[in-house]
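Asks:
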Amino acid sequence: MTLGLLDRYLRRAALGLKREARLHIGAAASLASAFVLVGIFGLVSYNLGRSVEAWGMDLELTAYLRDGATPEETTASFRFARGLGGVAQARLVTAEEAQRRLASPGGPGASAFAGLPSELFPASIELKLQPGAQVAERAERVAERMKALPAIEDVDSVAAEARRLDGVMRLSGVAGLAIAIVVLLGALSIVSSTLLVTQHRRRDEIELLRLCGATDGFLRVPLLLEGAVQSLGGAILALAILLGVYLVLEGPAGGALGALGIVPRFLPAWMVGLALVGAALLGALGSQISFRRSIRV
Amino acid sequence: MTPTDRRHLVELERVYKFYRPEVAVLRDASTQVERGEFVYVTGPSGAGKSTLLRMIYRAEVPDHGRILFCGRDVGKLRPSAVPFLRRNIGVVFQDFATKILRSRSVFDNVALALEVLGAPSRVIRTKVTAVLESVGLGGREPEIAGNLSGGEQQRIAIARALVNDPPLLLADEPTGNLDPDLAMDVARLFDEANAGGTTVIFATHDRTILSARPRRTVAIIDGATLEVDPPSASGREMPVALVA
Ligand SMILES: Nc1ncnc2c1ncn2[C@@H]1O[C@H](COP(=O)(O)OP(=O)(O)OP(=O)(O)O)[C@@H](O)[C@H]1O
Ligand SMILES: [Mg+2]
Chain A
1 MTLGLLDRYL RRAALGLKRE ARLHIGAAAS LASAFVLVGI FGLVSYNLGR SVEAWGMDLE
61 LTAYLRDGAT PEETTASFRF ARGLGGVAQA RLVTAEEAQR RLASPGGPGA SAFAGLPSEL
121 FPASIELKLQ PGAQVAERAE RVAERMKALP AIEDVDSVAA EARRLDGVMR LSGVAGLAIA
181 IVVLLGALSI VSSTLLVTQH RRRDEIELLR LCGATDGFLR VPLLLEGAVQ SLGGAILALA
241 ILLGVYLVLE GPAGGALGAL GIVPRFLPAW MVGLALVGAA LLGALGSQIS FRRSIRV
Chain B
1001 MTPTDRRHLV ELERVYKFYR PEVAVLRDAS TQVERGEFVY VTGPSGAGKS TLLRMIYRAE
1061 VPDHGRILFC GRDVGKLRPS AVPFLRRNIG VVFQDFATKI LRSRSVFDNV ALALEVLGAP
1121 SRVIRTKVTA VLESVGLGGR EPEIAGNLSG GEQQRIAIAR ALVNDPPLLL ADEPTGNLDP
1181 DLAMDVARLF DEANAGGTTV IFATHDRTIL SARPRRTVAI IDGATLEVDP PSASGREMPV
1241 ALVA
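Right, dumping it as structure tokens:
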């Protein structure tokens, strides 16, 4: 492609946008409302995902050692736990330490536990799981393997709780995806039908250009740019609306969520970037569809 | 390709064109146009003059026979190659008025023939200014094309066809609807282009033009092409002489 042609494409796209400014602005506004919907879901699932991940990060299993476990058995169990897949960290908590923890100043029942013999406190192995998805299954697997050890009495697992959270995540992911697909298909049809209208209005010019030797590319590239700009405009507007709403709600909602240990955050830069690129591609795709349906000479 | 072949810019080989079955607009039409030639295509209204020209720039495809441009079969071109054929052919359309973008400037209307080539803006400005000057529209660049008179719009169409110096110029009734003086002026523009080396195929049924500026003339009679003598200035019926 020559520089002259590139320059021409940009000029034609700019001219097209200018001549049909009202149509494009209207379409961008419709696109923005569609994108806001997707954005809300994105924002919610991003924050949900973040909190689950954070929660998964301090997800701990406690494997209690049997009372009569020998030091050898204890060490072997600890080694085994450390080597388990999906376990980030294993810590041996001796009976003395368990007592010390409970009796520490400020700890629960500080004075009540202080005088008791340490044998009354169960020794345990604390397992920290690696962060990531499917925390529930992994926790369950680890719990089962630990329970199978002779020196282990019982395993305190948060798997059930984790499973519930995983379920919520999966459900919201599926719902979000379904909504996103429907909305994005709608967006695609907005772009392609507006660009079909612009081409229809310009059909004399398009026919003339073809008769003067315009290639498909000459007609298509500026159109793709027009569609991309329209959709990008919609996406920028949507992000602005989303950010505005977020900033307004952050205060009141943040307090409520904070109580649940969730610190809300806006979409990170990479997601915003991805959304903008995606919107531009969607616009170009919509134009491409309209181009294939438009008149031929 | 023999040297004689190379002289021919356009060749029709036994061309048939049907818009309706059984009714051939062109029937076994054959002719050659040499490089640098000026040829009239004449015949009554509905004879198929426009159809013939449209097939040369591949707006129509012959049903039988071949049309060669520079030895290439135009009917067999892939769609993606058609733009490159058209860049070599300047066309002044019979319905030129509908081919003028009325809301755009005179400059834009002519410039688009260069824009499709990806010519740099500076080149476009220079060439458009020069060609508008040559058709008598010097200085009218910024005016809205729709505000110009019919004759002036016709000149815009001619300027557009000429602006990229195509080797072949097709003019379809370019003097239709113009008063006789204006028609002569417009016809002169094609003579000038031809004098500059451009091959011109000029479709007209305007006797005045044919007799005032006699050139080789091909008539379409009942769908077939016939070489005819130019009509005499006395205005007698056109003598038809078949050249086999
Ligand atoms: N697209 C088309 N579909 C059907 N019939 C057509 C089409 N184009 C032309 N025709 C018919 O073909 C015949 C030749 O038309 P054409 O336009 O080539 O004639 P012409 O010699 O240019 O006439 P004129 O001097 O009036 O311009 C006419 O009968 C016309 O009705
Ligand atoms: Mg005609």
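The listed protein sequences correspond, in order, to chains A and B.
According to this note's numbering, the first sequence is numbered sequentially starting from 1.
According to this note's numbering, the second sequence is numbered sequentially starting from 1001.
Glycine is no exception: its CB is placed at the ideal position from the N, C-alpha and C atoms.
Starting from residue 1023 of chain B, follow its DSSP beta bridges and name the residues at the other end.
Replies: B:1020
Asks: Quick one: is the Cβ of residue 1019 of chain B within less than 6 Å of any heavy atom of ligand 1?
Replies: yes
Asks: Which residues end up in the neighbourhood of ligand 2 when you take C-beta atoms closer than 7 Å to any of its heavy atoms?
Replies: B:1049, B:1050, B:1094, B:1172, B:1173 and B:1203
Asks: In the DSSP assignment, find the unbroken alpha helix (DSSP H) run with residue 272 of chain A in it and report its ends.
Replies: Note, residue 272 of chain A: alpha helix (DSSP H), 269 to 293.
Asks: Within the segment 1106 to 1189 of chain B, note down every full alpha helix (DSSP H) run reaching 4 residues or more, in order along the chain.
Replies: 1106 to 1115, 1121 to 1134 and 1150 to 1162
Asks: So within the segment 41 to 93 of chain A, which uninterrupted beta strand (DSSP E) runs reach at least 3 residues, ignoring any that extend past its ends?
Replies: 60 to 65 and 87 to 93
Asks: Run through chain B and tell me which residues come within less than 9 Å of residue 23 of chain A, C-beta to C-beta.
Replies: What residue 23 of chain A touches in chain B: nothing, since even the nearest Cβ is about 16 Å away.
Asks: Do you know offhand how far residue 1178 of chain B's Cα is from residue 1024 of chain B's?
Replies: 31 Å
Asks: Taking only three categories from DSSP, how would you classify residue 1100 of chain B?
Replies: coil
Asks: Counting Cβ pairs closer than 8 Å, one from the segment 1107 to 1127 of chain B and one from the segment 1190 to 1202 of chain B, do we hit at least three?
Replies: no
Asks: At least one CB of chain B closer than 7 Å to the CB of residue 205 of chain A: is that the case?
Replies: yes
Asks: For ligand 4, is there any heavy atom lying closer than 6 Å to the beta carbon of residue 1206 of chain B?
Replies: Among the ligands present in this structure, namely ligand 1 and ligand 2, ligand 4 is not found.
Asks: State the start and end residues of the unbroken alpha helix (DSSP H) segment that holds residue 1084 of chain B.
Replies: Residue 1084 of chain B -> alpha helix (DSSP H) spans 1082 to 1086.
Asks: Do you know offhand how far residue 23 of chain A's Cα is from residue 1163 of chain B's?
Replies: Whole-angstrom Cα-Cα distance: 34 Å.
Asks: Any idea if residue 1109 of chain B is buried or exposed, counting beta-carbon neighbours within 10 angstroms, 16 or more meaning buried?
Replies: buried
Asks: Grab me the residues of residue 1113 of chain B's own chain with a C-beta within less than 7 Å of its C-beta, minus the 5 sequence neighbours each way, in chain order.
Replies: Counting only Cβ-Cβ distances below 7 Å, and skipping sequence neighbours, we find 1160, 1163 and 1164.
Asks: Counting Cβ pairs closer than 8 Å, one from the segment 1018 to 1037 of chain B and one from the segment 1077 to 1090 of chain B, do we hit at least three?
Replies: no
Asks: Nearest to residue 130 of chain A by alpha carbon, out of A:172, A:83 and A:264?
Replies: Per the Cα distances, A:83.
Asks: According to DSSP, what are the bridge partners of residue 156 of chain A?
Replies: A:62
Asks: Taking one C-beta from the segment 31 to 42 of chain A and one from the segment 234 to 250 of chain A each time, how about it: are there three or more such pairs within less than 8 Å?
Replies: Contact check between the segment 31 to 42 of chain A and the segment 234 to 250 of chain A: three or more CB pairs, one atom from each, fall below 8 Å, which counts as touching.
Asks: Quick check: residue 1102 of chain B and residue 1150 of chain B, are their CB atoms within less than 7 Å of each other?
Replies: No.
Asks: Less than 7 Å between the C-beta atoms of residue 172 of chain A and residue 227 of chain A, yes or no?
Replies: no
Asks: Indicate, with yes or no, if ligand 1 has a heavy atom lying under 6 Å from the CB of residue 1025 of chain B.
Replies: yes
Asks: Ignore the nearest five residues each way along the sequence and tell me which others in residue 1180 of chain B's own chain have a CB closer than 8 Å to its CB.
Replies: Once the five neighbours on either side are set aside, the close Cβ partners of residue 1180 of chain B are 1208.
Asks: By Cβ distance below 6 Å, which residues in the same chain neighbour residue 1037 of chain B in space, the five residues on each side in sequence not counted?
Replies: 1199
Asks: Answer yes or no: the CB of residue 1046 of chain B versus the heavy atoms of ligand 1, is any distance below 6 Å?
Replies: yes
Asks: Under the assumption that residue 1013 of chain B contacts residue 1065 of chain B (Cβ atoms under 8 Å), give the Cβ distance between them as a whole number of angstroms.
Replies: 5 Å
Asks: With 7 Å as the threshold, decide whether the Cβ of residue 217 of chain A is near any Cβ in chain B.
Replies: no
Asks: Could you please tell me which residues of the segment 191 to 205 of chain A, in chain order, have their CB closer than 8 Å to any CB of chain B?
Replies: 204 and 205
Asks: Please check the pair residue 78 of chain A and residue 95 of chain A, which I expect to be a contact at CB under 8 Å, by giving their CB distance rounded to whole angstroms.
Replies: Rounded to whole angstroms, the Cβ separation of residue 78 of chain A and residue 95 of chain A is 14 Å, and the two are not in contact under 8 Å.
Asks: Please report whether the beta-carbon of residue 213 of chain A lies at a distance below 7 Å from any beta-carbon of chain B.
Replies: yes
Asks: When the Cα atoms are used, what is the spatial distance from residue 174 of chain A to residue 152 of chain A?
Replies: Going by C-alpha positions, residue 174 of chain A is about 39 Å away from residue 152 of chain A.
Asks: One question on the structure: do residue 1215 of chain B and residue 1040 of chain B come within less than 7 Å of each other, judged by their Cβ atoms?
Replies: Cβ distance < 7 Å, so residue 1215 of chain B and residue 1040 of chain B count as in contact.
Asks: Between residue 136 of chain A and chain B, is the shortest Cβ-Cβ distance under 7 Å, so that the two count as touching?
Replies: no
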